[in-house]
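Residue numbers (the working numbering), protein chains in the order written: chain H, 1 to 347; chain E, 1001 to 1347. Report on the following structure.
Number of protein chains: 2
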Amino acid sequence: MAIGLRGPDCEVGIADVAVRIALDAMGTDRAPQSEVAGAIKALAELDADIEIVLVGDETLIRAEFEKYDRIPQRLRVLHAPDRVVASDPPASVIRRKPKSSIVMGLRLHQSGEVDAFVSAGSTGAVMATSLFTLRRLPGVDRPAVGTILPTSQDVCLLLDAGANVDCKPRHLVQFAQLGSVYAHDTMGRESPRVALLNIGMEPGKGDELTAETYRLLERQDSINFVGNVEGRHIIEGVCDVVVCDGFVGNVLLKFYESVSAFIIGLLKEQVGRLGDGVLDLENVFRVLDYAEYGGAPLLGVGGVSIICHGESTPKAIRNALAVAGRAVRSDMVKHAAEDISAAEESQ
Amino acid sequence: MAIGLRGPDCEVGIADVAVRIALDAMGTDRAPQSEVAGAIKALAELDADIEIVLVGDETLIRAEFEKYDRIPQRLRVLHAPDRVVASDPPASVIRRKPKSSIVMGLRLHQSGEVDAFVSAGSTGAVMATSLFTLRRLPGVDRPAVGTILPTSQDVCLLLDAGANVDCKPRHLVQFAQLGSVYAHDTMGRESPRVALLNIGMEPGKGDELTAETYRLLERQDSINFVGNVEGRHIIEGVCDVVVCDGFVGNVLLKFYESVSAFIIGLLKEQVGRLGDGVLDLENVFRVLDYAEYGGAPLLGVGGVSIICHGESTPKAIRNALAVAGRAVRSDMVKHAAEDISAAEESQ
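So this is what it looks like as structure tokens:
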């Protein structure tokens, strides 16, 4: 065993289990509290063959363990003494913080000791370190970040959510391929409907980027391309995957988060006047709750890397671990690699 | 008088009033019902020196008048027999439907018989015909559509909301100038805070367009440039004007409309279970209600042209007329022309 992994009470090796996930224990605003709680929740609720490695400050993690009667055997700890801070330039983390939870967790994945990595730490640092350790899949120009948006039907995957600005049509086509595989393998969509985010429905609408991307997507046999969608259609749930440039995706995602929070705030004011319990808004909040949807996958790299919100609750962490498990079990990375290389060959 | 304008009961000339507005009576989904009601509401509630010319199918308009006990003298009718339909290419309307409400209303403005034009008809047709009749202001490369977004503080103006895709930095700088003048003159902002929509706060962040636009905006003395904002900040009300490419603006605007509708729908379901009147959501809905904010101005043309939503209620029409009145009274077009030409000279 290359790296010593210690269980709650003793040093143990990683057992030969079906799905092994490294979880950055230092990512959330309340680290490692949310991470420990999320991991314990996941082990209690998800398949019994999942094993989780908490990577982070061992003293803090073990102090957190004290709150629990029993720590599952399938939860291990890997001590990572370095701490990534907001002022660390993302690309420098791998060099300057080699013993951080992000770098050590991804190194575990790189060496094959785990099958996936989940982190609520700095998005930039996780992305940059994932690219460095897991590498791009052959043929992928630019890995993309996918994000799950609630809709009136079912959730949909939007990508790129911010990894790439100034995209070319070729990049958007790859996002479509990567998103389609992800929606199939982890979201249970049989033949994912892939749409191009645009400012009009007709082919040829939009800016230079979307007009040309439309033409390319039409010719992609491996994708169930359903055409353009406008901003208003996303929420109607007319597609499973929405493809856009990372600039647009990032603006949209951040806007959505804030609009939901804004409207919920307006509501809570009203509800507050009535006192608790008069109106059950649980369902409304649940639909808008990012915690339900389990993190943003980095797609197009040679592994499973899931990025969570810094404000992630234990439930959000648990759900991100569940998504990571599904991605591993379905062989998503292999399918993505096959799709991309088949498309390369057909060109 | 070049064009015969008829009052409710007799033919009259346009009096020498302070603000004369042509209102397209055929634009909304319920035309001319919403337009007639909105105009009557405006005349009852707004300044006494406003005069409105309803432009549209005279028979339908007069049939609508029958519902009212009294039609104000300051409400006139101009018969426009042609009807613009969705399948009309916007740029062809001026040639192929010269006697439509859009063309005739804008011709009234062009000839100086009215000071402003308000329409809930086809956005593309209103824009194209406005450009043809009112012309671009000297120095303006691309007129932009502004749209008002509710925020947790006060409303803010976002532009461009869809008139221009594939913008250059120079265009975004002009949007900033036009938006700043509009916010000052019609929204009562003393020194409007102008922000650039981006995917990060620091200077130099973003794509090629925003990075370069940032540098140009910093050097614009006539604008109170407050830097980059992200999607999440819009709703926080940290600025009065948000500048972006028309692609991003259009996606965002349509998304916002649909998200609000979606969340309100979720809520109404919950409220419905309790029965009416248990929870006063009026305030929530009011904040999110586009009707409150009075239409989207086309900025950078030689006149006041306000575009309303096709679903506009009488209140929305009334508010658009109020905005048009403020734009006329404040001499917004003159100020915009001065600002643009001063910036041209300083370069």
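Even for Gly, the Cβ is constructed at its ideal location relative to N, Cα and C. Since this is a predicted model, take the numbers as computed values, not measurements.
(request) Look up E:N1250 in the DSSP assignment and say whether it is helix, strand or coil. (result) Correct three-state label for E:N1250: helix.
(message) Looking only at its chain, what residues have a beta carbon closer than 6 Å to the beta carbon of E:G1330, apart from the 5 residues adjacent to it on each side?
(response) This sequence places Ser at residue 1330 of chain E; Gly is not what is there. These residues qualify, in order along the chain: D1185.
(message) Please state the DSSP three-state secondary structure of H:A336.
(response) For H:A336, the three-state secondary structure derived from DSSP is helix.
(request) Output the distance between the C-alpha atoms of E:L1144 and H:G146, rounded to the nearest integer angstrom. (result) Note that residue 1144 of chain E is Ala in the sequence shown here, rather than Leu. Straight-line Cα distance between these residues: approximately 31 Å.
(request) Measure the Cβ-Cβ separation of H:R95 and H:M26 and say whether it is below 8 Å. (result) The answer is no: Cβ separation not under 8 Å.
(message) Please list, in chain order, the chain H residues whose beta carbon lies closer than 8 Å to that of E:R1232.
(response) Within chain H, the residues near E:R1232 are K254, F255, E257 and S258.
(request) Please list, in chain order, all residues of the same chain as H:G206 whose beta carbon is under 6 Å from its beta carbon, the five residues on each side excluded. (result) Closer than 6 Å at the Cβ level, and outside the excluded window around H:G206, lie N198 and I199.
(request) Report the three-state DSSP secondary structure of H:H309 (helix, strand or coil). (result) Three-state result, H:H309: coil.
(request) For E:V1019, name the three-state secondary structure that DSSP assigns. (result) E:V1019: strand per DSSP, three-state reduction.
(message) Please identify, using Cβ separations under 7 Å, the residues of the segment 189–212 of chain H that lie next to chain B, in order along the chain.
(response) No chain B appears in this structure, whose protein chains are H and E.
(request) On a CA-only basis, which of E:G1112, E:A1048, E:A1261 and E:L1217 is nearest E:V1242? Give me that one, please. (result) Of the candidates E:G1112, E:A1048, E:A1261 and E:L1217, the one whose C-alpha sits nearest the C-alpha of E:V1242 is E:L1217.
(message) Any beta carbon from chain E within less than 8 Å of H:N250's own beta carbon?
(response) With respect to chain E, the C-beta atom of H:N250 has a partner C-beta closer than 8 Å.
(message) Mapping the DSSP letters down to three states, classify H:S111 as helix, strand or coil.
(response) Residue state, collapsed to three classes: coil.
(request) Counting only the same chain and skipping the five closest in sequence on each side, list residues whose C-beta sits under 6 Å from that of E:P1203. (result) Only Y1214 meet the Cβ criterion.
(message) Could you pull the DSSP bridge partners for H:H355 from this structure?
(response) Past the boundaries of the shown model lies residue 355 of chain H; chain H is included only from 1 to 347, so the question cannot be answered.
(request) Spell out a yes or no on whether the segment 1169–1177 of chain E and the segment 1216–1232 of chain E are touching, meaning 3 or more CB-CB pairs, one atom from each, closer than 8 Å. (result) The segment 1169–1177 of chain E vs the segment 1216–1232 of chain E: in contact.
(request) Using a Cβ cut-off of 8 Å, pull out every chain H residue sitting near E:T1152, in sequence order please. (result) According to the sequence provided, residue 1152 of chain E is Ser. The question's Thr does not apply to it. What E:S1152 touches in chain H: F262 and G265.
(message) Going by DSSP in three states, H:T407 sits in which element: helix, strand or coil?
(response) The requested residue 407 of chain H is not part of the displayed model; chain H covers only 1 to 347.
(request) Could you please give the first and the last residue of the uninterrupted alpha helix (DSSP H) stretch that includes H:V238? (result) H:V238 -> no alpha helix (DSSP H), and no H or E assigned at all.
(request) Run down chain H in chain order and give the residues with a C-beta less than 7 Å from the C-beta of E:V1173. (result) Residues of chain H passing the Cβ test: none, with the nearest at roughly 18 Å.
(request) With DSSP as the reference, label H:V85 as helix, strand or coil. (result) DSSP places H:V85 in the coil class of the three-state scheme, outside both helix and strand.
(message) Considering only their Cβ atoms, is the gap separating H:I61 from H:S77 smaller than 8 Å?
(response) Position check: residue 77 of chain H holds Val in this sequence, whereas Ser was assumed. The answer is yes: Cβ separation under 8 Å.
(request) Spell out the partners DSSP gives H:L157 in its beta bridges. (result) Beta-bridge pairing links H:L157 to H:I148 and H:V241.
(message) Contact between the segment 333–340 of chain H and the segment 176–183 of chain H is defined here as three or more beta-carbon pairs at a separation below 8 Å; is this criterion met?
(response) Touching, yes.
(message) Against E:I1340, what residues of chain H qualify as contacts under a CB-to-CB distance less than 9 Å, listed in chain order?
(response) Near E:I1340 there are no residues of chain H at all, since even the closest Cβ is about 24 Å away, more than 9 Å.
(message) Please tell me whether H:S130 and H:I317 are closer than 8 Å, where the distance is taken between their beta carbons.
(response) The answer is no: Cβ separation not under 8 Å.
(request) Could you pull the start and end residues of the beta strand (DSSP E) that H:N228 belongs to? (result) Unbroken beta strand (DSSP E) run through H:N228: N224 to V229.
(message) Given a cut-off of 8 Å on the beta-carbon distance, is the pair E:C1156 and E:C1244 in contact?
(response) With contacts defined as CB atoms closer than 8 Å, E:C1156 and E:C1244 fail to qualify as a contacting pair.
(message) I'd like the list of long-range same chain contacts for E:I1050, defined as Cβ closer than 6 Å, with 5 residues on each side in sequence excluded.
(response) Apart from the 5 residues on each side of it in sequence, E:I1050 sits with its Cβ closer than 6 Å to the Cβ of V1019 and G1325 in its chain, given in chain order.
(request) Compare the C-beta of E:G1004 with all C-beta atoms of chain H and state if any pair is closer than 8 Å. (result) With a pLDDT of only 43 at E:G1004, under 50, the local geometry of the prediction cannot be trusted, and the value read off the model is given with reservation. Judged by the 8 Å Cβ criterion, E:G1004 is not in contact with chain H.
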